[in-house]
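J.: The structure is given below, and queries will be raised subsequently.
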Amino acid sequence: MKTDKWYLLMILPALAFICFFIFYPLLQGGVMAFQNYSLFNLKDIHFIGLENFKTIINSKSVNFWQIMFNTLKWTVLSLILQFLLGFLLAMMLRKPFKGRSLYCGFVFYPWALCGFAIGLIWSWLFNGQFGVINDLLMKIGIIKENIGWLSNPKIAMYSVVISNVWYGIPYFGIMLLAALQSVPNDLYEAAKLDGANGIQQLFHVTIPYIKPTIISTVLLRSMWIVNFPDLIYAMTNGGPVNSTHILGTMMINKVYKEFDYGQGSAYGVIIMVLLLTYAVIYLRVTKGKGED
Amino acid sequence: MKKTIMLCLAMILLLGIASGALADDTVTLTFAETMTSPERTLVLQNAIEAFEAEHPNIKVELVSPPYESAETKVASMLAVGQEVDIVEIRDNSVGAWINNGFLYGLDDLVKDWDGKDQLVDAALLAGASMGDATYFIPQYLYVKALMVRTDILEKLGVTEMPKTTDEFLAVCKQITDPAKGQYAFALRGIGSPCKTTDIMWATEVSDLRLDNFYLTEDGTFFMDTDGGRKAMKDYYELFTEACPPDSVNWGYNDQINGFVSGITPFLVQDPDAVGSVMGSLTPDQYTAIPMPVGASGTRYLDYGYAGLAVAANSEHPAEAFEFIKYMISAEVNASICEFYGALPVNKGAYEASKMFELPVYKAWADEMADEATVFTKFPLEDPRFTEYASTVHLAAIQSYLLGQSTAEDMIKTCKDFWGY
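Sequences listed follow chains A and B, in order.
The letter at position 28 of the first sequence is residue 28 when you use this note's numbering, and the numbering goes up by one with no holes.
The letter at position 419 of the second sequence is residue 419 when you use this note's numbering, and the numbering goes up by one with no holes.
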C-alpha cells in the first residue's frame with residue numbers, strides 16, 4: 001500500500017504536466033467550440049450552443065461536405081500510397097548491401113523536414129510556370145504545354161497528395177524495416193522447404209509476422225495525415241476554389257485569418273470526434289488480428 | 001548642538017527622500033512589436049537606445065513575440081490587462097482591438113502636437129479612419145501602384161505607358177505570347193486577392209463611398225453595377241489572355257518572381273515590393289506608374305498601414321505618445337521604412353533617406369498627389385472582412401477566372417455574403 005502511494009507521488013509531476021499542457025487546452029478548446037469567441041469582440045464571450053457547428057455546416061461560401069470529402073480523399077490516398085511505397089522501400093532495404101546506411105540516411109531525410117518547408121519546396125517544383133517538374137516533362141517530351149499542377153482544381157489535390165507521399169514514405173520505411181528485421185530467418189527457410197515462392201512467403205510469413213506493427217503504424221499515420229494541413233497551406237492555401245481545403249486548413253483559416261476562435265475550435269472538435277470514432281472502429285475491427 | 005544634529009539628520013533624510021523620488025521618476029514603458037523578425041528587432045532596438053539617450057527619464061522595454069502568433073499573443077496580453085504601453089497595430093486587426101477597448105484614444109495628445117503637420121495626408125486619413133477617435137499613428141503606408149519592367153517592355157516595343165484601364169488591357173494582350181513564355185500581368189491568385197482586384201475594379205465605378213468603397217453613394221454593391229461588370233469582364237480577359245494560367249495560385253513570392261524574371265512585366269503591388277525586387281533588378285530596369293484609371297475617371301486607392309498605438313490600460317500615456325512621436329520623426333521613420341520599402345509617413349523621411357529618392361518611389365508620390373486619386377477604404381472594421389478576403393472572395397474569384405462560375409454568380413456570392 002505504501003509503495004502504491006510512493007508510485008503515485010512519483011508520477012504526479014508528469015501527470016500534472018500532461019493535465020496542464022494537454023488536457024486543459026483540449027478541454028478549453030472543447031468549451032470554446034460552443035462559445036461566441038472572436039478576437040473582434042473579446043468583451044462579449046458567451047455560450048451559443050451549437051451555433052458554431054451550424055454556421056460551419058451551413059456555410060454558403062465553403063461547402064462543408066466538400067471539405068469532408070477532401071479530407072477523406074487526402075487521407076486515404078496519402079495513406080495507401082505512403083504505406084505501399086514505404087513497404088516496398090523497407091523490403092528493398094532489408095538485405096544488407098554496400099553503402100546501405102548512407103542510402104538509408106538519404107531516403108529517410110524527408111521525414112526530418114517540417115511540413116511548411118516541404119510545402120515551399122514542392123510548390124516550387126510544381127509551379128506551373130517555372131517549375132522543375134513541368135520543365136522535365138517537357139524536355140522528355142511527355143507534355144507539350146505547361147500543366148497547372150496547383151492551379152487546376154481537378155488535379156491540385158493529387159499534387160499535394162504526391163508531396164505528402166514523398167514526406168510520409170520514410171515513416172513506414174523506418175517502422176516496417178525494423179519489424180522486418182525481426183522476422184526470424186528460420187520461418188523463411190521452413191516456408192521454402194514447404195515449396196512457398198516469394199509472393200507466398202510475403203503473404204504467409206512476412207505480413208502476418210509484422211501485422212502488429214502494420215496495424216499501429218497505419219492507425220498513427222492516418223491520424224497524423226488528417227492533422228497535417230501545413231503542407232496544403234503552404235502549397236495552395238486550400239485552393240483553387242476550395243479544392244484542397246481539408247478540415248485542418250479550414251481550422252487554421254478560422255483562427256489565424258479570420259480570428260474566429262469559436263468556429264476554429266468547432267473544426268477542432270469535429271476532427272477530434274471523427275478521429276476518435278475512427279480509432280475505436282479501427283481497433284475493434286483489427287482486434288485480435290495482430291496476434292495471428 | 002543636539003538641535004543642529006537633528007536638523008542635519010532631517011535635512012539628509014529629506015534629501016534622501018527627494019533624491020529617491022527623483023530616481024523613481026524614471027518611467028518604464030513596455031513596447032510590444034507584432035511584425036517581429038530578428039533584423040527588424042535590431043532596427044527597433046537601435047531606435048529605442050537613441051530615444052532613451054534623449055529621454056533619460058524614460059526606459060523602453062521591447063517585447064518581441066514570434067511573428068506567426070505575434071498579433072494573437074499581443075491581443076491576449078491586452079485582453080488580460082498585462083502591462084503593455086505601446087503596441088504595433090496592423091490595418092486588418094486594429095478594428096478588433098479598438099472594438100475590444102484595448103487602445104487609448106489619442107485625440108487630446110494629438111491636438112497639442114505640432115509635428116502632425118509633418119505627416120503625409122494619407123497617414124492622417126488612416127489614423128482617423130477607424131473608430132470614433134484617433135487610436136493610432138501610422139508608421140508606414142502601403143498604397144497600390146502599377147510596377148513595370150521598363151527594359152522588358154522596351155524590348156517588346158512598348159514605349160507608351162498605359163494611363164487608362166482600357167489601354168492597360170490592350171497593351172497586356174499585345175505583348176502576351178504564350179509560345180515564347182511571355183505574359184503580361186502578375187496576377188494575385190491567393191492571399192487576399194481582393195486587396196488587388198477590388199482596387200483595380202473600383203475605378204470603373206462612379207460615386208463610390210469613401211468610408212467603404214464596396215458601396216456606391218446610393219447603396220449598390222460596387223460589382224453589381226455596369227462599371228463593375230465591365231471591370232470583371234476585362235479582368236477575365238486579362239487572366240485568360242495575358243496571365244500565366246498558373247497565376248490563379250500565385251501568392252506574393254510568385255508575383256515577385258514573375259516580375260523579376262520578366263515573364264510578367266506588369267505588377268500591381270504595394271511599395272514594399274520594391275524592397276523585394278531591389279536585390280535582383282537595377283533601378284533602370286523597372287519603375288512604377290500610377291494605377292490606370294477607368295471609366296469613372298477616379299482612381300480609388302486604399303491606404304494599407306501599420307502603426308503605433310497606446311494601450312488603454314497604460315499608466316503613462318503621455319510618455320508612450322512621446323515615444324510614438326519619436327518613432328515617426330523623420331530619420332527614425334526613414335530607417336524603419338527602409339527595412340521594408342514601405343512608404344514613410346513623415347514628409348521629412350523622404351529627404352532623410354537615399355532609398356526613397358529612387359525614381360520608382362516618385363510614382364507613389366505622383367499618384368498620391370494626382371487629382372484623379374481619391375482615398376477610400378475597405379470595410380476593415382466589419383468583423384466579416386477577414387472571412388471575405390481569405391475565404392469567400394478567394395474561392396469566388398478563382399472559380400470565376402477558371403470558368404467554373406459566371407460573373408453574375410460571383411456578384412451574387414459576394415453580395416449575399418455582405419447582405420448588401
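Think of the CB as a built atom: it goes at the ideal place given N, C-alpha and C, for glycine as much as any other residue.
Using only the alpha-carbon positions, how far apart do Leu22 of chain B and Ile58 of chain B sit?
T.: Only weak support exists for where Leu22 of chain B lies, its pLDDT of 47 falling under 50; the coordinates are left without a value.
J.: Applying the criterion that 16 or more other CB atoms from any shown protein chain within 10 Å of the CB defines a buried residue, is Val269 of chain B buried or exposed?
T.: According to the sequence provided, residue 269 of chain B is Gln. The question's Val does not apply to it. Burial call: buried.
J.: Buried or exposed, going by whether 16 or more other CB atoms sit within 10 Å of the CB of Lys325 of chain B?
T.: Counting Cβ neighbours within 10 Å, Lys325 of chain B comes out buried, since at least 16 surround it.
J.: Using a beta-carbon distance below 8 Å, is Glu258 of chain A in contact with chain B?
T.: So yes, Glu258 of chain A belongs to the interface.
J.: Give the interface partners of Asn249 of chain B over in chain A, defined as CB-CB distance under 7 Å, in chain order.
T.: Result: Leu150, Ser151, Thr236, Gly239, Pro240.
J.: Between the segment 58 to 77 of chain B and chain A, which residues of the former have a C-beta closer than 9 Å to a C-beta of the latter?
T.: Those would be Glu68, Ser69, Glu71, Thr72, Ala75, Ser76, in chain order.
J.: Kindly indicate which three-state DSSP category Ala14 of chain A falls into: helix, strand or coil?
T.: Helix at Ala14 of chain A.
J.: Using the Cβ count rule (16 or more neighbours within 10 Å means buried), how would you classify Gly141 of chain A?
T.: Classification of Gly141 of chain A: exposed, given that the 10 Å Cβ count is below 16.
J.: Output needed for Tyr209 of chain A: all residues of its chain with C-beta closer than 6 Å, excluding positions within five of it in sequence on either side, in chain order.
T.: Taken in chain order, the residues that qualify are Val183.
J.: By DSSP, does Leu401 of chain B sit in helix, in strand, or in coil?
T.: Note: Leu401 of chain B maps to helix in three-state DSSP.
J.: Could you tell me the distance, in whole angstroms, from the CA atom of Met250 of chain A to the CA atom of Trp65 of chain A?
T.: Computed Cα separation, rounded: 13 Å.
J.: What's the call for Met92 of chain A, buried or exposed, on a 16-neighbour Cβ count within 10 Å?
T.: So Met92 of chain A ends up on the exposed side.
J.: Using alpha carbons as the reference points, say which of B:Val274, B:Lys377, B:Lys73, B:Leu401 lies closest to Ile199 of chain B.
T.: Measuring from the Cα of Ile199 of chain B, the nearest candidate turns out to be B:Lys377.
J.: What three-state label does DSSP hand Gly228 of chain B in the structure shown?
T.: Correct three-state label for Gly228 of chain B: helix.
J.: Can you pull the DSSP bridge partners for His55 of chain B?
T.: His55 of chain B is not bridged to any residue.
J.: Taking 8 Å as the CB-CB cut-off, is Val94 of chain B touching chain A?
T.: Judged by the 8 Å Cβ criterion, Val94 of chain B is not in contact with chain A.
J.: Pull up the DSSP beta-bridge partners for Val374 of chain B, would you.
T.: BP columns for Val374 of chain B point to B:Tyr300.
J.: Quick check: the segment 47 to 67 of chain B against the segment 293 to 309 of chain B, are at least 3 beta-carbon pairs closer than 8 Å?
T.: Taking 8 Å as the limit for Cβ pairs, the verdict is that the segment 47 to 67 of chain B does not touch the segment 293 to 309 of chain B.
J.: From the DSSP output, in three-state form, read off Ser123 of chain A for me.
T.: Three-state result, Ser123 of chain A: helix.
J.: Could you tell me which chain A residues have their CB closer than 8 Å to the CB of Asp416 of chain B, listed as they occur along the chain?
T.: Correct list: Lys60.
J.: If the criterion is Cβ atoms closer than 8 Å, does the pair Gly189 of chain B and Asp272 of chain B meet it?
T.: It is not a contact, given that the beta carbons lie outside the stated cut-off.
J.: I'd like the ranges of any alpha helix (DSSP H) spanning at least 4 consecutive residues and lying wholly in the segment 145 to 226 of chain B.
T.: Within the segment 145 to 226 of chain B, the complete alpha helix (DSSP H) runs of at least 4 residues are 150 to 155, 165 to 175, 194 to 202.
J.: Helix, strand or coil for Leu22 of chain B, going by three-state DSSP, please let me know.
T.: Confidence at Leu22 of chain B is low in this model, with a pLDDT of 47, below 50, so its placement is unreliable and no value can be given for it.
J.: Could you check the C-alpha separation between Gly86 of chain A and Glu39 of chain B for me, to the nearest Å?
T.: Between Gly86 of chain A and Glu39 of chain B, the C-alpha separation is close to 42 Å.
J.: Please list, in chain order, all residues of the same chain as Val260 of chain B whose beta carbon is under 7 Å from its beta carbon, the five residues on each side excluded.
T.: Excluding residues within five positions, the ones whose Cβ falls inside 7 Å are Val277, Ser280, Leu281.
J.: Along chain B, which residues have their Cβ under 9 Å away from the Cβ of Ser38 of chain A?
T.: Within 9 Å Cβ-Cβ: Ala96, Pro383.
J.: Might you give, ordered along the chain, the residues of its own chain that have their beta carbon closer than 6 Å to the beta carbon of Ser405 of chain B, omitting 5 neighbours on each side?
T.: Same-chain partners within the cutoff: Ser399.
J.: Check whether the segment 156 to 173 of chain A touches the segment 194 to 211 of chain A, counting contact only when three or more Cβ pairs, one atom from each stretch, lie closer than 8 Å.
T.: Touching, no.
J.: For the segment 301 to 314 of chain B and the segment 174 to 182 of chain B, state whether three or more C-beta atom pairs, one from each stretch, are separated by less than 8 Å.
T.: Contact between the segment 301 to 314 of chain B and the segment 174 to 182 of chain B is absent, because fewer than three Cβ pairs lie under 8 Å.
J.: With a Cβ-Cβ cutoff of 8 Å, do Thr28 of chain B and Ser64 of chain B count as a contact?
T.: In this structure, Ser64 of chain B does not lie closer than 8 Å to Thr28 of chain B by Cβ.
J.: For the segment 379 to 391 of chain B and the segment 100 to 108 of chain B, state whether three or more C-beta atom pairs, one from each stretch, are separated by less than 8 Å.
T.: Result no; under three Cβ-Cβ pairs closer than 8 Å.
J.: Using the three-state DSSP reduction, which class does Gly258 of chain B fall into: helix, strand or coil?
T.: Correct three-state label for Gly258 of chain B: helix.
J.: Say whether chain B places a C-beta atom closer than 8 Å to the C-beta of Leu66 of chain A.
T.: Checking the sequence shown, residue 66 of chain A turns out to be Gln, not Leu. No, Gln66 of chain A lies away from the interface with chain B (no Cβ there is under 8 Å from its Cβ).
J.: Measuring alpha carbon to alpha carbon, tell me which residue in A:Leu15, A:Ile246, A:Gly268, A:Asp194 is nearest Ala156 of chain A.
T.: The residue with the shortest Cα to Cα distance from Ala156 of chain A is A:Ile246.
J.: Just grab the DSSP bridge partners of His46 of chain A for me.
T.: Bridge partners of His46 of chain A: A:Asn36.
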